[in-house]
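What follows is one structure encoded as structure tokens, with my remarks underneath.
Numbering (our numbering), first residue to last: 51 to 237.
Right, dumping it as structure tokens:
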């Protein structure tokens, strides 16, 4: 059994879809930073980012509930760690969304973008699942084992391309199940 830090936006929640709907503009799917995805829309994006209501109504990534539920059944300790504006309203809305969707997280941490890798490291997790090229590279610097949840915006970074990558939740569950079975046989 492992302690696993799981990112929300881009891993469990379709954050980009919510932003595209809100802004009414297509996004550059290969850019990660908002300023590159929606050039000239920084002020509108920031208002969207700080609107707690957004975090109550995000669509789920396909297979997230089933995948996380299976990992929970396998005995893994799942912790949601997300880089969002860490206001009380956004934390409450995020917790509501997790409960409303039946995600089996034991804990939730909402933190600033730059603080997330250190927080994940301090949690002493065995694994982190994330989609952000920046977060993944910083986590690796801390020595945290990572899984890349594939998104268009993380497929062009040379460092991230060297990391273990999965395209859906089923593949993550199968990989961790196989790893767990191998380690049980060694005992």
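Cβ atoms here follow ideal geometry from the backbone N, Cα and C, with glycine treated the same way.
About 6 Å separates the beta carbons of residue 189 and residue 170, which is inside the 8 Å limit, making them a contact pair. Here residue 177 carries a strand assignment [DSSP, helix/strand/coil]. Looking only at 87, 58, 172, the smallest Cα-Cα distance to residue 74 is reached by 87. Distance from the CA of residue 128 to the CA of residue 57, rounded to the nearest whole angstrom, comes to 10 Å. Per the C-alpha coordinates, the member of 173, 146, 162, 113 positioned closest to residue 223 is 113. Taking residue 162 as reference, the option from 140, 85, 209, 124 with the minimal CA-CA separation is 140. Residue 164 sits exposed, since fewer than 16 C-beta atoms from the chains shown fall within 10 Å of its C-beta.
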